[in-house]
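Numbering (the UniProt record's numbering), first residue to last: 1 to 175.
Here's the structure, in structure tokens; my notes come after.
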């Protein structure tokens, strides 16, 4: 590796992009699915409750790193100034950041709170949230709330993935 490449934004940009895309792809399409298939529901919930804050933090922080390390071209500025000059780059990085932040700051914590409420209700009802119906009115409402929050989180996660892929096509067009 040449000494000058240590001071170039490009390697840090590519490594950040690869980490974001790889992490999002793996968690969404491999790790989460396999974990759900092989772990008992309580263990799966514990695992995801620990993984999601780290995962959503990465989905929020890495787009910032991408914007800060954006490698300009011969006629385009680097960093945030370069991002602001290209609407596709700006929108894809901004969407990726916003969807990650929404999951990290709003939807993720609300989902965790709902899961905790379901655990309390399970103790009251003497029945798991995922057992066959009928359920108490409280559990039925919590299950519905959880399904909505999980769906919103999944859509936000898909938005992060799509934004990352769109940005990758833009990045590849510059090679």
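Virtual Cβ for every residue (Gly too), placed ideally from N, Cα, C.
Any chain B beta carbon closer than 8 Å to residue 104: Protein chain content of the structure displayed is limited to a single chain, and chain B is not contained in it.
Under 8 Å between C-beta atoms of residue 83 and residue 93: Along the chain shown, read from residue 1 onward, the residue named residue 83 stands at position 83. Along the chain shown, read from residue 1 onward, the residue named residue 93 stands at position 93. Taking the C-beta atoms as reference points, residue 93 is found nearer than 8 Å to residue 83.
Buried or exposed (CB count within 10 angstroms, at least 16 for buried), residue 26: The count along the chain shown starts at 1 and reaches residue 26 at position 26. Residue 26 should be labelled exposed.
Host alpha helix (DSSP H) of residue 39 (start-end): Here residue 39 is taken as the residue at index 39 of the chain shown, counted from 1. From DSSP, residue 39 is part of no alpha helix (DSSP H); its letter is neither H nor E.
N- and C-terminal bounds of the alpha helix (DSSP H) containing residue 141: Sequence index remark: in the chain shown, residue 141 carries index 141 (1-based). Run containing residue 141: 137-173, per the alpha helix (DSSP H) assignment.
C-alpha gap between residue 153 and residue 43, whole angstroms: As a working mapping, residue 153 is identified with position 153 in the chain shown. As a working mapping, residue 43 is identified with position 43 in the chain shown. So the alpha carbons of these two residues sit roughly 20 Å apart.
Touch test, the segment 115-132 against the segment 72-79, Cβ-Cβ under 8 Å, three pairs minimum: Put simply, the segment 115-132 does not touch the segment 72-79. Fewer than three CB pairs are less than 8 Å apart.
DSSP-derived helix/strand/coil call for residue 91: By 1-based counting over the chain shown, the position of residue 91 is 91. In the structure shown, residue 91 sits in a helix (DSSP, three-state: H, G or I).
Coil, strand or helix - residue 16 by DSSP: The count along the chain shown starts at 1 and reaches residue 16 at position 16. The DSSP-derived three-state label of residue 16 is helix.
Per-residue burial, residue 101 [other beta carbons within 10 Å of its own, 16 or more giving buried]: Taking the chain shown and counting its residues from 1, one reaches residue 101 at position 101. Classification of residue 101: buried, given that the 10 Å Cβ count is 16 or more.
CB contact flag (residue 99, residue 163, <8 Å): The sequence position of residue 99 within the chain shown is 99, counting from 1. The sequence position of residue 163 within the chain shown is 163, counting from 1. The answer is yes: Cβ separation under 8 Å.
Secondary structure of residue 124, DSSP reduced to three states: In the chain shown, counting from the first residue as 1, residue 124 sits at position 124. Note: residue 124 maps to helix in three-state DSSP.
Straight-line Cα distance separating residue 129 from residue 135: Translated into positions along the chain shown, residue 135 becomes position 135. Translated into positions along the chain shown, residue 129 becomes position 129. A straight line joining the alpha-carbon of residue 135 with that of residue 129 spans about 8 Å.
Residue 108 versus 157, 18 and 8, residue with shortest Cα-Cα distance: In the chain shown, the residue the question calls residue 108 occupies position 108. The candidate whose alpha carbon is nearest that of residue 108 is 157.
Chain-order list of residues whose beta-carbon lies under 7 Å from that of residue 41 (same chain, five-residue window excluded): As a working mapping, residue 41 is identified with position 41 in the chain shown. Same-chain partners within the cutoff: 130.
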